[in-house]
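Peer 1:
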Amino acid sequence: MVVILDNISIYINNSITEAVEATGHIIYYLSLYSPDYNPIKLTFLVLKAWIKQN
Numbered sequence: 001m002v003v004i005l006d007n008i009s010i011y012i013n014n015s016i017t018e019a020v021e022a023t024g025h026i027i028y029y030l031s032l033y034s035p036d037y038n039p040i041k042l043t044f045l046v047l048k049a050w051i052k053q054n
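So in the UniProt record's numbering, the last one in the sequence shown is 54, and the numbering has no gaps at all.
#1: Could you pull the DSSP bridge partners for V2 from this structure?
#2: Could you tell me whether the Cβ atoms of N38 and D6 are closer together than 9 Å?
#3: Which residue comes first and which comes last in the alpha helix (DSSP H) that contains L47?
#4: I'd like the list of long-range same chain contacts for I4, defined as Cβ closer than 6 Å, with 5 residues on each side in sequence excluded.
#5: State the CB to CB distance for the pair V2 and I40, rounded to an integer number of angstroms; the pair is presumed to be in contact (CB under 8 Å).
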């Protein structure tokens with residue numbers, strides 16, 4: 001199994017990495033800014049614009 005995490009300091013922790021890798025899984029971190037892999041950000045942007053207009 002592959003675990004994909006945002007590249008923020010709370011996730012970059014040796015204890016988390018060791019715990020995940022001890023179970024045989026692999027961790028991949030997203031790049032610092034990757035809206036293509038995090039579509040919720042676009043969704044929130046559209047929702048906020050709609051709320052402002054209505």
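All C-beta atoms, glycine included, are put in the ideal place defined by N, C-alpha and C.
Peer 2: In terms of the structure at hand:
#1: I26
#2: yes
#3: Counting along the chain, the alpha helix (DSSP H) containing L47 begins and ends at 40 to 53.
#4: Annotation for I4: Y28 place their beta carbon closer than 6 Å to its own, counting only its chain and skipping 5 residues before and after.
#5: Wrong, their Cβ atoms sit about 19 Å apart, outside the cutoff.
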